[in-house]
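A quick write-up on the structure given underneath.
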Amino acid sequence: MTTNDLINHKGEVTRRNFLYITTSVVGVAGVAAAAWPVIDQLNPSDDVLALSSIEVDMSPIPLGHTITVLWRGKPIFIRHRTPEEIAKSVADNTAPMIDPAPDSTRAQKAEWLVQIGICTHLGCVPPDYHGGVPTEVEYNGWLCPCHGSYYDTAGRIRFGPAPRNLDLAPYKYLSDAVVKIG
Amino acid sequence: MASHKYEPKNKAVKWFEDRLPILGLLHASVGPGYGTPRNLNYWWNFGSLAGFMLVMQIITGIVLVMHYTPDTSLAFLSIEHLMRDVNYGWLFRYAHSIGASMFFVVVYIHILRGVYFGSYKSPREVMWWLGLVIYLLMMATGFMGYVLPWGQMSYWGATVITNLFGAFNFFQGMGNGILHLLWGGFSVGNPTLQRFFSLHYLLPFIIVGVVILHIWALHIPRSNNPLGIDAKGPGDKIPFHPYYTAKDAFGLSFFIVIFAIFVFYLPNILGNPENYVPANIILTPPDVEPEWYFLPFYAILKSMPSKLFGVLTMFASILIFFVLPWLDVSKVRSAKFRPATAFFFWLFVINGLFLGFLGTVLPTKILIHVGGGVTALTLGRIATFYYFAYFLIILPWVSRKEKTRPVPASIAQSVLDARKEA
Ligand code: HEM
Ligand code: FES
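The listed protein sequences correspond, in order, to chains L and F. Read left to right, the first sequence gives residues 100 to 281 (my numbering). Read left to right, the second sequence gives residues 4 to 425 (my numbering).
Put into structure tokens, the structure is as follows:
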């Protein structure tokens, strides 16, 4: 038998055809199985995954101030909101928004905002502009220096290229002012 | 003078050549055996300059690796150590960072040369593609190299650019899945630095491989020339060596002077001073921007209203070069004989430089103070529109309608005509 037999017996399933096909299938499966570890080693390793939760006591944060803590290598903004801020944010619930969300969905307890401090556009850390505003537009929250995304006091995106509100960190209250993040 | 075959006279050389015909290969590729159009101008110098820069980057890079540590706690310090303590460490680092900029200048000119003289047209399409593959690999290499010193711009540049891939969020969790895979963590961090270092070392050698394919593909139809007509008879050609080896070496000597002026007198002028501040993962510097050679594409990204659309437009702005050979249908290659095409080409170049400028300003900034003011965003959209219109509207249309100037019968004929006029 030569390889030409394949051509001579067109349409007929020979023993050799069968061997070619099964060998190729096993070969492709083997290559795919070997490729997976090459890709998966790029994913976060176990020690990175292990650093997954922190506890924060929020009681020392004065009213109207924000602190930044690190969780999984990301900055978390914890803000102690003033009653005026909350009132303003609730009043804004009906304003036009890129990613509409009522104020009540932004915090488990209205006075504490716990969000991931990473702009949902391309990942910069937007500085706090609750005090003053550098541009004509006025939302008094966070303004991203990278491409100008503007978040309001509840971390909702109001202007600029970012698609989503600041992500909320996953957190649980352990007591009145202590949260577990992660 | 036609190309001739390599026949070694020396017996020992002949013995070797019979066993490994590498000297014959060099003779036919960059030696007397490579018949080249006699009318190449200095724009044809930039291919060999790009090759020179690739070799320079590899040599200086290998020296840097001898002193560099790819770990987030030590990377910045190891570069400072290299700059301050290692003998001539500053020289290698500046030669490598300025070298990257020089490499991009040369390659941009090389690509635009191809666009102007129609070098992408049949039968050189595959060579054109290989060139674009080299360019894409260079972009990846340059980007990952810039992350290695682990300064503020390294970190935030890496953050913004990797986040682009998070835009591909077609089902819940896909965007983050891609990002965690790229980072090896939940943000840019040590695993990211280490893999970038590994790939930054690897890719230049892949580029060497693609360069070899690029030159192989070149030697099938051989070099294009400023007239864009095929070199036919022996009167149209001269041997590559000594004519173009000499011309290239002459151009190279000028290029090295410019390179040296930057390395010795202006080593930091193209860099961002913010990168001399160690990376700080909770403080984004006020003006994050990529290296100058990515700015036009960054401006296109910033001009688009949505994240996914911006990312897709930016990738499209580079990938569109791959189909250029089919967008321009003119039978005449060189823009020398296509006045309208030449006009729109130069407008495209100016538009590209303008986009580069827009890459450095915030979209909300008002640049023209008339009426309510025209923002950088509006201008960016107009410039982005022209960028794509050049490929998708102007070239297909102009290349069908334009009345081209008469093309000379041969290269030799055009040289004789020029002499008669003088
Ligand atoms: C295509 C060729 C290459 C390009 C375009 C390129 C580009 C770059 C750039 C832009 C930087 C950042 C420079 C700075 O801001 O300080 C860099 C750094 C670096 N590159 Fe390359 N490179 C190339 C080849 C190589 C090779 C082949 C190696 C190693 C064998 C290498 C090793 C390094 C190292 C260790 C650094 C960190 C030191 C530093 O930041 O100065 N590079 N490269
Ligand atoms: S990263 Fe914040 S606006 Fe682009």
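The C-beta atom is built at its ideal place from N, Cα and C for all residues, glycine as well.
Whole-number beta carbon distance between residue j and residue i, since they are thought to touch under 8 Å
i, j, result
"L:Pro-159", "F:Lys-310", "At roughly 37 Å, the Cβ-Cβ gap does not stay under 8 Å, so L:Pro-159 and F:Lys-310 are not in contact."
"L:Ile-177", "L:Ile-166", "5 Å"
"L:Met-196", "L:Arg-257", "6 Å"
"F:Leu-151", "F:Tyr-71", "7 Å"
"L:Pro-225", "L:Cys-218", "5 Å"
"L:Leu-141", "F:Leu-184", "5 Å"
"F:Ser-104", "F:Tyr-268", "Contact flag wrong, Cβ pair sits at about 14 Å."
"F:Val-291", "F:Gly-169", "Going by Cβ atoms, the distance from F:Val-291 to F:Gly-169 rounds to 16 Å, so no, they are not a contact pair."
"L:Gly-216", "L:His-229", "Contact flag wrong, Cβ pair sits at about 13 Å."
Contacting residues, own chain, Cβ-Cβ under 6 Å from residue i (five flanking each side not counted)
i, result
"L:Gly-247", "Gly-259"
"L:Arg-114", "none"
"L:Leu-162", "His-179 and Thr-181"
"L:Arg-171", "none"
"L:Ile-153", "Trp-170 and Ile-280"
"L:Cys-245", "Cys-223"
"F:Asn-193", "Thr-75"
"L:Asn-116", "none"
"L:Met-100", "Reliability fails at L:Met-100, whose pLDDT of 48 lies under 50, so the model's placement of it is uncertain and the value that follows must be treated cautiously. Excluding residues within five positions, none has a Cβ falling inside 6 Å."
Contact under 7 Å by Cβ, residue i with residue j
i, j, result
"F:Pro-288", "F:Glu-277", "yes"
"F:Val-109", "F:Leu-52", "yes"
"F:Pro-207", "F:Thr-144", "yes"
"F:Thr-378", "F:Ile-369", "yes"
"F:Val-266", "F:Phe-340", "no"
"F:Gly-187", "L:Pro-174", "no"
"F:Phe-394", "F:Leu-330", "yes"
"F:Pro-24", "F:Lys-17", "no"
"F:Thr-407", "F:Val-335", "yes"
"F:Trp-153", "F:Ala-282", "yes"
"F:Met-142", "F:Phe-106", "no"
"F:Asn-172", "L:Leu-221", "no"
"F:Ala-234", "F:Ile-414", "yes"
"F:Pro-73", "F:Phe-200", "yes"
"F:Gln-155", "F:Val-314", "no"
"L:Val-168", "L:Val-155", "yes"
Boundaries of the alpha helix (DSSP H) in which residue i is found, first to last residue
i, result
"L:Gly-247", "L:Gly-247 -> no alpha helix (DSSP H), and no H or E assigned at all."
"F:Glu-83", "78–87"
"F:Pro-342", "342–361"
"F:His-498", "There is simply no residue 498 of chain F to check, as chain F begins at 4 and stops at 425 in what is shown."
"F:Phe-300", "298–306"
"F:Phe-391", "379–392"
"F:Trp-329", "327–330"
"F:Ile-218", "193–221"
"L:Lys-187", "182–190"
"F:Val-110", "92–119"
"F:Gly-254", "248–268"
"F:Ile-241", "No alpha helix (DSSP H) contains F:Ile-241, which is instead part of the beta strand (DSSP E) from 240–242."
"L:Pro-226", "Counting along the chain, L:Pro-226 falls outside any alpha helix (DSSP H), and DSSP gives it neither H nor E."
Residues near residue i by beta carbon distance below 7 Å, same chain, minus five either side
i, result
"F:Ser-320", "Phe-300, Ile-303 and Tyr-390"
"L:Ser-188", "Asp-202, Asp-251, Thr-252 and Ala-253"
"F:Val-401", "Ala-343, Thr-344 and Phe-347"
"F:His-113", "Phe-49, Gly-50 and Ala-53"
"F:Ser-337", "Phe-120, Gly-121, Pro-229, Leu-230 and Gly-231"
"F:Gly-27", "Tyr-9 and Glu-20"
Close Cβ partners of residue i (< 8 Å) along its chain, the five nearest in sequence each way excluded
i, result
"F:Leu-43", "Ser-226, Asn-228, Pro-229, Tyr-247 and Lys-250"
"F:Gly-383", "Ala-302, Ile-303, Lys-305, Ser-306, Leu-358, Leu-361 and Pro-366"
"L:Trp-211", "Met-157, Ile-177, Arg-178, His-179, Arg-180, Ala-276 and Val-278"
"F:Val-213", "Leu-133, Val-136, Ile-137 and Leu-140"
"F:Ala-5", "With a pLDDT of 41 at F:Ala-5, under the threshold of 50, the modelled position of this residue cannot be trusted, and the question is left open."
"F:Ser-157", "Tyr-149, Val-150, Leu-151, Asn-278 and Ala-282"
"F:Tyr-204", "Gly-64 and Val-68"
Beta strand (DSSP E) segment containing residue i, residue limits
i, result
"L:Glu-154", "153–156"
"L:Thr-178", "Per the sequence presented here, residue 178 of chain L reads as Arg, with Thr not at that position. Start and end: 173–179."
"L:Lys-271", "270–272"
"L:Trp-135", "Counting along the chain, L:Trp-135 falls outside any beta strand (DSSP E), though it belongs to the alpha helix (DSSP H) covering 114–139."
"F:Leu-370", "369–371"
"L:Val-277", "277–280"
"L:Phe-258", "256–258"
"F:Thr-144", "Segment 128–150 is the alpha helix (DSSP H) holding F:Thr-144; no beta strand (DSSP E) there."
Cross-chain neighbours of residue i in chain C, by beta carbon under 8 Å
i, result
"L:Gly-247", "Absent here is chain C; the protein component of the structure consists of chains L and F."
Legend entry - Given 8 Å, three or more beta-carbon pairs between the region 216–227 of chain F and the region 24–44 of chain F: yes
Legend entry - Cβ contact (3+ pairs, closer than 8 Å) linking the region 171–181 of chain F and the region 114–133 of chain F: no
Inset, instruction - Answer yes if the region 92–104 of chain F comes into contact with the region 56–67 of chain F, meaning at least three C-beta pairs across the two stretches below 8 Å, and no otherwise. - result: yes
Legend entry - Under 5 Å, CB to nearest heavy atom of the ligand NAP: contacting residues: What this structure holds is the ligand HEM and the ligand FES, not the ligand NAP.
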